[in-house]
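Chains as they are written, first to last, in my numbering: chain A, 418 to 685; chain B, 1378 to 1567.
Structure (structure tokens):
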């Protein structure tokens, strides 16, 4: 190589082409680039061994045929929804959550007890839900949020309704049923409310293969949506009821999701 | 010849032929990327197909002010990571490589096979963040600026990751590197 300044890509290209990069330009570069210095240490042995790693070219005619077939199958409402830009997909999910919370939350409670909406609880559920969706529905070609951060978000979305239950003061238990009956009633109602939300998320998600973390995140957000609706719908503020009948919904869907991912993964 | 970015924009605008051109340009590179740690052609083909399907679904997300190549590689690497996570396993180093051992070619071919296997073994054992940068730079020819864009990190951070990866590879490959250093014309053309 001449005395011209060189960069990392030129060093790599030279090693791949079989030459030993040298000269004032290379020396200048190595003084400021520890990576290339490491590659060229010991006669460039590491660079030379790296050049052997490529697998041979493969035949692509059949692969193109299957890609073409898959593209042809991309028809219908779901194909249309999942190919929208990511902000629109997120907006669709948020609107679905608002509709579920609005319709399900404002429906009259059978016991007719007094309802005291909890703005802090609702705000916390909304914030955690949006953070989770943002982390998991990032545009396809963007780097993913680190897996540790995603795990923390999922855990926060699961724990938040329990924290809300524990923090509930001045328990108010409406008449009209035993603890178990009231808890099962709320749990069933909340779980049913989460189903249409889950259907919308499934429709806009671009993945074809179930993934553990994604399934847990979506299930936890569905739990938050159900809990937000129940905050507006149920006047029972007894901590045990809130934990079993409300907060348990997220855990239930996460477990269900894990079972489903496990089954699909084993089958494939 | 149209650039990758022009082709992607044309495809987003409805030009189906542009997609095939992108496929022809990148399918072999992506297959190599997948085969590097999978060594199972069926799984690699499946991941390449998934990458192009994701590309199709995300066509409206493509930002023409950004480079196409790092964007595509980010999609491919995300899918590859998810594949290993789903299978709860580390990248493979053997598999179809065993077939190469039986191939004729004499002592030189055998040494080349061993070196390749050692490298695959070592690459599978360095942290993913280092491996991804080395793969993208070394095998796929992306500059550190392009890698930085694709991984959402700074160019300096990408170089530091590569450097740490090289150091770890050197430590893992130990004896193999000494052999290569002592035999600079060892059948690899260098």
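The beta carbon of each residue, even a glycine, is placed where N, CA and C say it ideally should be.
Only a predicted model underlies this, so the values are computations on that prediction, with no experimental measurement involved.
Within 8 Å of the CB of residue 625 of chain A, the CB atoms of chain B belong to 1427, 1430, in sequence order along the chain.
Your pair residue 522 of chain A and residue 658 of chain A does not check out as a contact, with CB atoms roughly 17 Å apart and the cut at 8 Å. With the rule of 3 Cβ pairs closer than 8 Å, the region 663 to 679 of chain A does not count as touching the region 543 to 554 of chain A.
Bounds of any alpha helix (DSSP H) do not take in residue 1530 of chain B, whose DSSP letter is neither H nor E.
The beta carbon of residue 1443 of chain B sits closer than 7 Å to those of 1526, all from its chain and outside the five residues before and after it, given in chain order. Scanning A:652, A:631, A:664, A:661 for the CA closest to the CA of residue 674 of chain A turns up A:631. DSSP places residue 546 of chain A in the uninterrupted alpha helix (DSSP H) bounded by 536 to 553. The criterion of a C-beta distance shorter than 8 Å is satisfied by residue 1381 of chain B and residue 1445 of chain B.
Taking a Cβ-Cβ cut-off of 7 Å, the neighbours of residue 452 of chain A in chain B comprise 1536, 1539, 1540, 1543, given in sequence order. Taking a C-beta distance under 8 Å as the contact criterion, residue 503 of chain A and residue 554 of chain A qualify as a contact pair. Of all residues in the region 1388 to 1407 of chain B, those with a C-beta nearer than 9 Å to a C-beta of chain A are 1393, 1396, 1397, 1400, 1401, 1404, 1405, reading in chain order. Neighbours of residue 549 of chain A in chain B, taken as residues at a C-beta separation under 8 Å, are lacking, since the least C-beta distance is about 18 Å. Under the three-state reduction of DSSP, residue 644 of chain A is assigned to helix.
By the rule that beta-carbons nearer than 8 Å mark a contact, residue 572 of chain A does not touch chain B. Residue-level contact by beta carbon fails for residue 444 of chain A and chain B, as no gap is shorter than 8 Å.
Between residue 1537 of chain B and residue 1545 of chain B, the alpha-carbon positions lie close to 12 Å from each other. Remark: three or more beta-carbon pairs, one from each stretch, lie closer than 8 Å, so the region 574 to 586 of chain A and the region 635 to 647 of chain A are flagged as touching. In this structure, DSSP gives residue 1429 of chain B a helical state, which the three-state scheme calls helix. Neighbours of residue 1422 of chain B in chain A, taken as residues at a C-beta separation under 7 Å, are given in chain order as 480. Listed by position along chain B, the residues whose Cβ is nearer than 7 Å to that of residue 487 of chain A are 1426, 1430. Residue 1531 of chain B is positioned such that its CB atom lies no closer than 8 Å to that of residue 1510 of chain B.
Taking the CA atoms as reference points, residue 436 of chain A sits about 47 Å from residue 682 of chain A.
Minimum Cα-Cα distance from residue 654 of chain A among the listed residues A:622, A:596, A:608, A:672 corresponds to A:596. Put simply, the CB of residue 1515 of chain B is near chain A, with a gap under 8 Å to one of its CB atoms. CA-to-CA, the gap between residue 1388 of chain B and residue 1436 of chain B works out to about 8 Å. In terms of CA proximity to residue 550 of chain A, A:508 leads the group A:508, A:538, A:497, A:519.
Contact of residue 459 of chain A with chain B is assigned, a C-beta pair being separated by under 8 Å.
Under the Cβ criterion (8 Å, minimum of three pairs), the region 600 to 620 of chain A does not count as touching the region 1388 to 1406 of chain B. Taking one beta carbon from each stretch, the region 1396 to 1410 of chain B and the region 481 to 488 of chain A have 3 or more pairs nearer than 8 Å; the two touch. Here the alpha carbons of residue 656 of chain A and residue 1426 of chain B stand approximately 50 Å from one another.
Chain B places a beta carbon closer than 8 Å to that of residue 499 of chain A, counting this residue as a contact. The criterion of a C-beta distance shorter than 8 Å is not satisfied by residue 1514 of chain B and residue 448 of chain A. The three-state reading of DSSP puts residue 653 of chain A in coil, since its state is none of H, G, I, E or B. As the crow flies, the alpha-carbon of residue 1554 of chain B is around 13 Å from that of residue 468 of chain A.
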